[in-house]
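Visitor: Order-wise, the sequence lines are chains B, F, X and C.
If you read the first sequence in my numbering, its first letter stands for residue -13, the second for the next number, and so on.
If you read the second sequence in my numbering, its first letter stands for residue -13, the second for the next number, and so on.
If you read the third sequence in my numbering, its first letter stands for residue -13, the second for the next number, and so on.
If you read the fourth sequence in my numbering, its first letter stands for residue -13, the second for the next number, and so on.
Got a structure for you, questions after.
There are 4 protein chains.
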Amino acid sequence: MADLSRRLAAEALGTAMLVATVVGSGIMADRLSDDVAVSLLGNTIPTGAILFVLITILGPISGAHFNPAVTMVFALRKELETSAILPYVLAQILGGIAGTLIAHAMFELPIFQLSETARTGSAQWTAEAVATFGLLLTILGGLQARPKAVPMLVGLYITAAYWFTASTSFANPAVAIARSLTNTFAGIRPVDLTGFILAQVAGALIAAALATWLFAERRNVNPPLASEGTDRP
Amino acid sequence: MADLSRRLAAEALGTAMLVATVVGSGIMADRLSDDVAVSLLGNTIPTGAILFVLITILGPISGAHFNPAVTMVFALRKELETSAILPYVLAQILGGIAGTLIAHAMFELPIFQLSETARTGSAQWTAEAVATFGLLLTILGGLQARPKAVPMLVGLYITAAYWFTASTSFANPAVAIARSLTNTFAGIRPVDLTGFILAQVAGALIAAALATWLFAERRNVNPPLASEGTDRP
Amino acid sequence: MADLSRRLAAEALGTAMLVATVVGSGIMADRLSDDVAVSLLGNTIPTGAILFVLITILGPISGAHFNPAVTMVFALRKELETSAILPYVLAQILGGIAGTLIAHAMFELPIFQLSETARTGSAQWTAEAVATFGLLLTILGGLQARPKAVPMLVGLYITAAYWFTASTSFANPAVAIARSLTNTFAGIRPVDLTGFILAQVAGALIAAALATWLFAERRNVNPPLASEGTDRP
Amino acid sequence: MADLSRRLAAEALGTAMLVATVVGSGIMADRLSDDVAVSLLGNTIPTGAILFVLITILGPISGAHFNPAVTMVFALRKELETSAILPYVLAQILGGIAGTLIAHAMFELPIFQLSETARTGSAQWTAEAVATFGLLLTILGGLQARPKAVPMLVGLYITAAYWFTASTSFANPAVAIARSLTNTFAGIRPVDLTGFILAQVAGALIAAALATWLFAERRNVNPPLASEGTDRP
């Protein structure tokens, strides 16, 4: 296992680059287009792409959580030592905030901002719960079915979730906090954070419970669309 | 083999998430853009992405059919036990309907709706037959040539079929039924279901017959663009 | 080796589905948008996606050429028996034409058409030569470096070439002939075919000559970005 | 190891095709759309796609640097012989310039141009440093974690970086020089090259230093999102 300092550096660096991508591509896309769907495409494609990159290169060091909800579920599953939980979450939150600040610096915007974008109400909370449920199911199912595909699975899951959830799928408390500090395309009002984070935690816990049953003792069935065997020679 | 309850849960859950993506991203894309091609991109990319995810993580449990036409073909090929056919199809239909309702909840729309979008006539039926023919050929050919690529093959096939078929490629009776219950971008009038489903079944059967001949006793040819061997060392 | 009848069926079927995608998605994209770049995106993404699918599932049967320029190069390299050349090319041409007709049927257009879109002149011919040069280099280099990646390589190469060549990269005589029979987004005037096909053949021959030198006796170098070894354990 | 002449040919050819794609798709996208975000999508997707192709097919010959900043870092790491540094960089610069000229020829533009697009100031330089930092981190981390994924990692990293950096991520001195010779979408004023190149070198050196610590002596941790083991059977 890598020593804790490198693991925390990987969590902070990965969350920073993830947030810089989410916020930066949101600014770029919003500036360049009057069509909000085009802007969302310009926000979605980079986010999915960078997730593949970051999880692939940093996964072997820290597990590439970048997300307190993911860290929480791994701790509950006894797959992360208890003493690492708080440092992981702090590294994610601080890294995420740094990502927002870097995006502002690159786009010549005031470094410190507070978002004024309202994202609240039961429909939004439902969306966040669904989004985080799906994210954890993707991770836990992917680790069971095909671990090497997890970076691609998470990247493509978030690509989809940006569009099928009404909240554009934050699905990550650390990223939500970082996004409250930018008054741009990707922002969320600080006052709306509590509802989002509670919904995310709820979605993650439901997924963890379901996964324990659904992905346990898996054996091959016929006919599998996604065979786990090797390609036929 | 996973027990039947988990297999049915996987079929219902997978079809629900697939339909929530199709319907939800359709609503999102339609709201955000006046350019229908942009909206279709915002509907296509999430659908292809989520198919890769769902087939990868749920394939080892249930086979990841999510589609009565696929279940029918596997049953005809004796690769699914007869007693599982009806439960599979019911799980798919109920899961699909749940997906529509969840999408409505997330987007603050009336939960129960009926589509008013007309999709009928011989050109549309031809399109659905072609779409489902291609889907089954992709699955059966992929299982023969490179089983681990099936999630990617299905995701990319549907990505293409959304655009090259005039019907945007439903290619799935359970998804068609679920989409009749939303009066949004992805909807289809309930009265048009019969034509769509018959065309889908016809396309699937033609593909199954062709595949039996085309993909039988395959051996290597030279020069293969898609070598089945391992990468050269 | 699969018997010749199945190989020819694979070539015809693959070229038909490729052309149906190119022509069909062009019609769909053109109808739905006033922004030509959006239409080209709606034409590009499906084409790249279906190439991955078709080469993966049909490659083991026929080699998945779908392209007389590719067949010509493999014949020159003695990797295709001489007696198969003419049947392959005929299957590709007839399959391609069928693809155009199927697209017209699905979109309720007159089945038989002639394109009126002018595509001629030295800049267009340069573009076609460059496009086909790059395609053959991709195939021959990919077969040497990583055969299992060829379907993805060809799909992504064409995705790029649609945009970086002024001709939108036909790069395929059979597809060019089929596209002369549709007066829609993807069409080309029949009178312009000769220039396109000659340029394509020239580009293919130059790539074949270069590849013989460039990809011969390849051994590992340090530091390889694209290692051919297995992932490290 | 391939002989030096082939390695240099691969570097020149690869950089030429990369620049032809960047410049050519920029011209195409800019001509076809009034929406700059759509144009950037039409520039981004081809660039990411061609990077996957070029690194896959040319990586085994030359390492597929295509970038003096990458060559510099490999030389510092003693993974490239000193005598090859200057030839590599010259091949990249000359290849890149050829790529710009080929793009102009294909699009019937004056072959020799100078860009008038201003790209300067501390925000742009910060963006270039961040972009090149991320590129080198992706390459060095990818080589450590999963060498076969490097072509996909670089393609997707650049896909993201086009959007999250205010400079659209040149991240490559040879490509920057080549882009100074086109007064089109992708151009940069020659006078602005110095600032860009210095920022790129700075970002690359910081990444190299960080990588030496972060990616050293890596061992498995639990729970890894990106497992390095084989898929479970």
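Beta carbons: idealized from backbone N, C-alpha and C, even for Gly.
Does the Cβ-Cβ distance between PHE60(X) and GLU114(X) come in under 8 Å?
Guide: In this structure, GLU114(X) does not lie closer than 8 Å to PHE60(X) by Cβ.
Visitor: With DSSP collapsed to three states, give me the class of ASP20(X).
Guide: Note: ASP20(X) maps to coil in three-state DSSP.
Visitor: Do VAL24(F) and ALA172(F) count as a contact pair if the criterion is CB distance below 8 Å?
Guide: Result no, Cβ atoms of ALA172(F) and VAL24(F) do not sit closer than 8 Å.
Visitor: PHE150(X) CB to nearest chain C CB: under 8 Å?
Guide: Yes, PHE150(X) counts as interfacial toward chain C.
Visitor: For my contact list, ALA35(X) and THR145(F) are in at a C-beta cut-off of 8 Å; report their separation, rounded to the angstrom.
Guide: That belief holds up - the Cβ atoms of ALA35(X) and THR145(F) are roughly 4 Å apart, short of 8 Å.
Visitor: Select from ARG175(B), ALA(-12)(B), LEU167(B) the residue whose C-alpha is nearest the C-alpha of ILE89(B).
Guide: Before going on, a small fix: residue 89(B) reads as Ala here, not Ile. Ranking ARG175(B), ALA(-12)(B), LEU167(B) by Cα distance to ALA89(B) puts LEU167(B) first.
Visitor: Can you tell which of ALA117(B), ASP16(B), PHE38(B) has the C-alpha that lies nearest to the C-alpha of PRO159(B)?
Guide: If we check each option's Cα against that of PRO159(B), ALA117(B) comes out closest.
Visitor: Between ALA195(X) and LEU122(X), what straight-line distance do the alpha-carbon atoms span, to the nearest angstrom?
Guide: About 10 Å.
Visitor: Could you name the residues of chain B that ARG165(C) contacts, counting a contact when the two beta carbons are closer than 8 Å?
Guide: Residues of chain B passing the Cβ test: none, with the nearest at roughly 18 Å.
Visitor: Using a Cβ-Cβ cut-off of less than 9 Å, give me the residues of the region 23 to 44 of chain B that come near chain F, in sequence order.
Guide: So the close ones are ALA23, VAL24, SER25, LEU26, LEU27, THR30, ILE31, GLY34.
Visitor: Cβ closer than 8 Å: which chain X residues qualify as neighbours of GLY10(C)?
Guide: What GLY10(C) touches in chain X: TRP149, PHE150, THR151, ALA152.
Visitor: For ARG(-8)(C), count neighbouring Cβ atoms within 10 angstroms of its own Cβ and tell me buried if that reaches 16, exposed if not.
Guide: Buried is the call here.
Visitor: Quick one: using the 10 Å Cβ neighbour count with 16 as the cut-off for buried, is ALA104(X) buried or exposed?
Guide: Exposed, since its Cβ has fewer than 16 Cβ neighbours within 10 Å.
Visitor: What does a CB cutoff of less than 7 Å around GLN110(C) pick up in its chain, not counting 5 residues either side in sequence?
Guide: The answer, listed in chain order, is ALA152, SER153.
Visitor: Which two residues bound the contiguous alpha helix (DSSP H) that contains ILE125(F)?
Guide: Element bounds for ILE125(F): 108 to 131.
Visitor: Quick one: does THR112(X) have its CB under 8 Å from some CB of chain C?
Guide: THR112(X) counts as touching chain C.
Visitor: What span of residues does the alpha helix (DSSP H) with ILE79(F) cover, start to end?
Guide: First-last of the alpha helix (DSSP H) with ILE79(F): 68 to 92.
Visitor: With a 10 Å radius around its C-beta and 16 neighbouring C-beta atoms as the bar for buried, classify THR149(F) as buried or exposed.
Guide: Looking at the sequence itself, residue 149(F) is Trp, so the reference to Thr does not match. Buried is the call here.
Visitor: Output the boundary residues of the alpha helix (DSSP H) element that contains VAL187(C).
Guide: Run containing VAL187(C): 179 to 200, per the alpha helix (DSSP H) assignment.
Visitor: Between the Cα of THR170(C) and those of LEU(-1)(C), LEU(-10)(C), ASN29(C), GLU(-3)(C), spot the shortest distance and give me the residue it belongs to.
Guide: Nearest of LEU(-1)(C), LEU(-10)(C), ASN29(C), GLU(-3)(C) to THR170(C), Cα basis: ASN29(C).
Visitor: With 16 other CB atoms within 10 Å as the buried threshold, where does SER69(C) fall?
Guide: So SER69(C) counts as exposed.
Visitor: For the putative contact between ALA131(C) and ILE43(B), defined by C-beta atoms under 8 Å, what is the C-beta separation to the nearest angstrom?
Guide: Going by Cβ atoms, the distance from ALA131(C) to ILE43(B) rounds to 5 Å, so yes, they are a contact pair.
Visitor: Grab the span of the alpha helix (DSSP H) containing ALA61(C) for me, first residue to last.
Guide: From DSSP, the alpha helix (DSSP H) with ALA61(C) extends over 54 to 62.
Visitor: Taking C-beta pairs closer than 7 Å, name the residues in chain B that ARG132(C) reaches, listed in chain order.
Guide: Per Cβ cutoff of 7 Å: THR42.
Visitor: Let's test the definition: count the other Cβ atoms within 10 Å of the Cβ of ARG63(B) and tell me whether it reaches 16, buried, or not, exposed.
Guide: Per the 10 Å Cβ criterion, exposed.
Visitor: Look at the Cβ atom of GLY1(C), then the Cβ atom of GLY128(C), and state whether they are nearer than 8 Å.
Guide: The question names Gly, but residue 1(C) is Thr in the sequence shown. No, they are not a contact pair.
Visitor: What residue range is occupied by the uninterrupted alpha helix (DSSP H) comprising PRO137(F)?
Guide: Counting along the chain, the alpha helix (DSSP H) containing PRO137(F) begins and ends at 136 to 150.
Visitor: Quick one: grab the DSSP three-state call for THR103(C).
Guide: THR103(C): coil per DSSP, three-state reduction.
Visitor: Tell me the DSSP secondary structure of PHE98(C) in three-state form.
Guide: In the structure shown, PHE98(C) sits in coil (DSSP, three-state: anything other than H, G, I, E or B).
Visitor: Between the C-alpha atoms of PHE93(B) and PRO137(C), what's the straight-line distance to the nearest angstrom?
Guide: Distance between the alpha carbons of PHE93(B) and PRO137(C): 29 Å.
Visitor: Against ASP21(F), what residues of chain X qualify as contacts under a CB-to-CB distance less than 8 Å, listed in chain order?
Guide: Result: LEU18, SER19, ASP20, ASP21, VAL24.
Visitor: Check for me: the alpha helix (DSSP H) holding ALA(-12)(C) runs from which residue to which?
Guide: Per DSSP, ALA(-12)(C) belongs to no alpha helix (DSSP H) and is neither H nor E.
Visitor: Anything in chain F within Cβ reach of THR145(B), meaning under 8 Å, just list it in chain order.
Guide: Per Cβ cutoff of 8 Å: ILE31, PRO32, ALA35.
Visitor: Give a yes or no on whether 8 Å exceeds the smallest Cβ distance from ALA91(B) to chain F.
Guide: Cβ-Cβ to chain F under 8 Å: no for ALA91(B).
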